[in-house]
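Here is the structure we will look at.
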Amino acid sequence: METRLQQRSRERVREKREGILTKIVNFIVRFRYLIGLVFLILIVAFNLNGSSIGEWDNTVSQRDDGKKTDVIFGQSRAIRSDEWMVQTPFYLSQAESDFSVVNPNYGLSGQNMIIAYNSPVKDITQIGKPFNWGFFFLDKDRALSFYWGFKIIFMILLGFELSMILTKKNKYLSLLGSLMIAFSPAVQWWFMQHVGDLIFFTLGLMVAFYHYFENHHKKILRSLMMLLIVIFGIGFVLVLYPAHQVILAYLVLFWFIGLLIHYRKKINWDRLDLLLIAGALLFIGYVLFHFYQESKDALDATMNTLYPGRRVSTGGGLKLWQMLLFLTNWKTPFSNGIDIANEAEVAGFFNLYVLIVPFMLIVLFKKELRKENYLGLNLLSFSLALLAFMVFGLSENLAKATLLSYVPTTRAIFTFNFVALLLTIWFIGFIFDQKRLPRWLRGVIVLVSGISIYAGLVNSPVMKYFNFFDLIATTAVVALIIWFILARKKKIASLLMLICTIACGFFVNPVVHGTGAIYEKTLAKAIMKQNQEDPGQLWIAENRLYNFLPALGVKTYNTVRFYPDMKMWKDVDPEKTNEKVYNRYAHIDAYVTDRDTVFKLTNPDAFVVEINFNPLKELGVKYVVSKRPLEGYNAGNYAHFNRIYGPEKGKWQIFEVSFPEDSSASNTDTPSTIADSGSSLPNPTENNLPVNPYNYYQ
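The numbering of the sequence shown is numbering that gives the first Met the number 0, which starts it at 0 and goes up by one.
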């Protein structure tokens with residue numbers, strides 16, 4: 000049996016240990032912005048980013064620097080093609096075109112790059128894109144590092160500030176909450192796309208609005224918060240993805256109204272408020288009007304596409320298992336594919352919403368608790384309204400009037416899970432401040448929660464991905480977390496949630512050094528050299544290399560288009576018989592041919608076009624990058640392909656194209672030697688497109 004002396008000795012050791020932990024946490028919290036700045040400097044200095052740009056190594060493998068890969072930790076994600084194949088090349092291409100609003104290297108008419116994933120442009124709209132600012136004073140490699148570093152560091156900081164608000168300044172729980180938000184699977188799988196941007200701006204707006212009211216008596220801080228509201232507000236609007244934007248805008252509105260009601264008798268509005276609010280509204284209005292004037296044609300073209308176009312959603316149809324999809328996220332970073340969708344589509348935010356709703360009845364029935372926890376009630380009210388939309392839906396007219404017609408239920412689940420995570424952070428802080436529940440009641444709650452999770456998943460499509468052990472283990476871990484939260488075992492509960500956060504989110508994106516996956520390729524250097532010697536010429540990139548060339552500063556006919564360039568298709572499809580194919584957001588894979596021009600839609604966001612020599616001549620195409628021996632076409636005397644580079648590893652070659660004066664390849668029956676060589680035009684179905692393409696516009 001332990002003596003009193005031994006008990007005291009053990010307690011002293013524990014107090015000493017806890018004292019060290021408290022000092023570390025206090026140091027991190029006190030100097031968090033300085034620590035964040037140091038980490039940002041280190042990330043930029045070491046030229047690190049989280050891009051899956053290494054996937055280009057599977058397309059173009061021959062390098063000049065002797066390295067096989069730039070990945071330091073983790074793995075590139077092929078499924079994140081909207082990042083490595085689209086957005087990152089967009090950003091790098093901007094650095095090669097002096098950050099023009101309309102990048103001339105995309106098609107014949109160029110492409111508006113504010114609409115194209117809010118790429119860095121020399122324009123006033125960039126005030127709302129702080130993670131893009133590095134492109135204006137750093138080289139493109141380190142600017143990409145700045146983007147990744149700034150975004151993740153400040154998302155952690157904003158997540159911490161919001162968690163401090165929700166937990167009434169519980170530092171330990173707020174540190175955990177910041178990681179649960181920033182490293183949530185939804186944010187990490189969609190980091191560079193709309194989810195990452197919108198969560199960043201939503202956090203910023205919620206924090207800024209709160210401190211504007213809470214610290215209203217501090218004029219400097221009040222002014223700083225309004226400046227942040229301007230920056231985050233502009234950034235939020237210009238994301239231009241209403242499927243998430245609409246609901247998150249309602250969330251911010253609910254949050255603002257809740258603060259306004261709570262503080263209505265506590266603050267006195269003054270002239271500074273009038274100046275700040277009027278100035279902010281005028282400036283935001285000016286920036287948005289400027290954007291509209293600058294981008295009106297591109298916006299109209301985007302809205303009139305057949306895909307994504309003007310879809311109308313009325314909500315409804317939610318299944319319980321869809322709300323629980325986030326429970327698969329511990330497995331997705333470590334498995335190869337998922338049968339029910341893809342890794343990005345099932346990504347969510349860890350939450351205990353099923354447990355929270357019954358407990359809120361306690362808060363609702365006690366007046367003093369309602370007043371103290373108005374923010375939690377605010378979030379709950381919003382979540383219930385959103386849940387009703389997802390379960391029951393709205394009439395079409397009401398959906399259009401509320402703009403919810405832009406929000407499919409599958410997208411609403413993302414935002415619902417985010418709100419549920421915020422409620423979870425608040426709820427844990429609330430439980431930790433209450434008396435411990437009786438053991439029997441904790442057991443009942445854990446049992447009911449576990450059964451609900453098991454029942455929701457066991458007969459669902461999730462079981463195409465989970466095996467029985469996965470289901471039992473997942474249910475058991477969540478049940479344990481709930482038990483330790485209700486038992487107020489703060490350290491164990493926090494440790495379990497931290498482990499879940501690490502497993503679900505820390506391994507999604509790789510740690511990468513630089514952009515050598517593009518710029519250290521021998522093919523890339525050959526293309527750039529030729530472009531320097533003969534600038535401004537139009538190129539075609541075959542074999543899905545379409546967005547590789549613009550990143551090198553090359554004017555490319557076929558790229559990724561956010562909206563159609565009708566000038567591109569005037570000579571190729573003069574009768575517009577294939578407009579349904581190219582009038583969309585699209586990955587355009589092009590091939591030259593002596594046969595008739597053919598369009599083939601391979602995915603809702605991708606098509607292949609086989610272009611006959613005649614329109615090729617009219618378009619003024621001078622160079623083609625291909626894996627095929629295009630000189631085999633020369634015997635037909637329709638077009639001459641002179642190989643000026645290659646073939647290198649992977650069969651990549653660069654051809655200069657010329658057209659004899661009397662050439663005509665239209666409707667010809669003359670076979671070319673390329674067909675005889677066994678290198679005929681690839682069938683688009685053989686392009687290894689994923690079964691569940693990483694397509695944000697679903």
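Beta carbons are placed, not taken as given, at the ideal position from N, Cα and C, and that holds for glycine.
**Request:** Could you check which residue in T414, F467 and I114 has the C-alpha nearest to that of A346?
**Result:** Ranked by how close their Cα comes to the Cα of A346, the residues T414, F467 and I114 have T414 in first place.
**Item:** Where E617 falls: helix, strand or coil (DSSP)
**Value:** helix
**Asked** Hey, quick one: how far does the beta strand (DSSP E) through Y590 stretch, first residue to last?
**Response** Per DSSP, the continuous beta strand (DSSP E) segment holding Y590 begins and ends at A585 to T592.
**Message:** Taking 8 Å as the cut-off, does the region 27-47 touch the region 472-490 (at least 3 CB pairs, one atom from each stretch)?
**Reply:** No, the region 472-490 does not touch the region 27-47.
**Request:** Could you pull out every residue in the same chain whose Cβ sits closer than 7 Å to the Cβ of Q244, ignoring the five residues on either side in sequence?
**Result:** L197 and V238
**Asked** Which residues mark the beginning and the end of the alpha helix (DSSP H) in which T409 is found?
**Response** T408 to F431
**Item:** Where E377 falls: helix, strand or coil (DSSP)
**Value:** Residue 377 is actually Asn in this sequence, not Glu. Reduced to three states, the DSSP call for N377 is helix.
**Item:** Where W189 falls: helix, strand or coil (DSSP)
**Value:** coil
**Distance, W482 Cα to W439 Cα** = Computed Cα separation, rounded: 11 Å.
**Request:** Pair every Cβ in the region 499-515 with every Cβ in the region 168-182, then say whether three or more of these pairs are closer than 8 Å.
**Result:** yes
**Item:** Where Q652 sits in the DSSP three-state scheme
**Value:** For Q652, the secondary structure class from DSSP, reduced to helix, strand or coil, is strand.
**Asked** Hey, which unbroken runs of the alpha helix (DSSP H) at 4 residues or more fall wholly within the region 15-87?
**Response** 31-44
**Item:** L317 and V206 closer than 8 Å at C-beta
**Value:** Contact: no.
**Asked** Taking the alpha carbon of F45 as the point to measure from, which residue in D122, I653, L157 and D140 has its own alpha carbon closest?
**Response** D140
**Prompt:** Relative to the C-alpha of D595, which residue among L174, V608 and N602 is closest?
**Reply:** Selected option, being the one with the closest Cα: V608.
**Asked** Is it right to say R270 is buried, meaning 16 or more other beta carbons lie within 10 angstroms of its own, or is it exposed?
**Response** Exposed, since its Cβ has fewer than 16 Cβ neighbours within 10 Å.
**Request:** Report the option in L324, P534, E660 and L354 whose CA atom is closest to the CA atom of L446.
**Result:** L354
**Item:** Per-residue DSSP class, three states only, for V251
**Value:** V251: helix per DSSP, three-state reduction.
**Item:** Proximity winner among W568, Y105, G308 and K22, relative to L551 (alpha-carbon distances)
**Value:** Y105
**Message:** On the DSSP bridge list, what partners appear for K330?
**Reply:** K330 pairs with nothing; no bridge assigned.
**Request:** Compute the Euclidean distance between the alpha carbons of Y352 and F89, then round it to the nearest angstrom.
**Result:** Straight-line Cα distance between these residues: approximately 38 Å.
**Message:** Which same chain residues end up closer than 7 Å to G18 when comparing Cβ atoms and leaving out the 5 residues on each side of it in sequence?
**Reply:** none
**Backbone CA spacing between T201 and I484 [nearest angstrom]** = 27 Å
**Request:** Under the assumption that T473 contacts G449 (Cβ atoms under 8 Å), give the Cβ distance between them as a whole number of angstroms.
**Result:** In fact, because the Cβ distance is near 10 Å, the residues do not count as touching under 8 Å.
**Request:** Could you please give the first and the last residue of the uninterrupted beta strand (DSSP E) stretch that includes R754?
**Result:** A question about residue 754 goes unanswered here, because the residues of the chain that appear run from 0 up to 697.
**Message:** Going residue by residue through the region 517-573, where are the continuous alpha helix (DSSP H) segments of at least 4 residues, counting only ones entirely within it?
**Reply:** 521-532 and 565-568
**Prompt:** Considering V511, what are the terminal residues of the beta strand (DSSP E) in which it resides?
**Reply:** In the DSSP annotation of this structure, the continuous segment of the beta strand (DSSP E) that includes V511 starts and ends at V510 to H512.
**Message:** I need the boundaries of the beta strand (DSSP E) containing A605, first residue and last residue.
**Reply:** A605 to N611
**Prompt:** If S173 and F159 are in contact, beta carbons under 8 Å, what's the gap, nearest whole angstrom?
**Reply:** 5 Å
**Item:** Environment of G53 [buried if 16+ CB atoms lie within 10 Å]
**Value:** buried
**Message:** Closest to K265 by C-alpha separation, out of I114, F212 and W188, would be which residue?
**Reply:** F212
**Item:** Under 8 Å between C-beta atoms of Q74 and P509
**Value:** yes
**Prompt:** What distance in whole Å lies between the Cβ atoms of F149 and P129, which are believed to be in contact at a cut-off of 8 Å?
**Reply:** 7 Å
**Request:** My understanding is that P184 touches K554, with C-beta atoms under 8 Å, so please give their C-beta distance in whole angstroms.
**Result:** About 38 Å; that fails the 8 Å criterion.
**Request:** Measure from the alpha carbon of W254 to the alpha carbon of each residue in L157, Y306 and G375, then state which is nearest.
**Result:** G375
**Message:** Distance check for N328 and S404, CA to CA, integer angstroms please.
**Reply:** 28 Å
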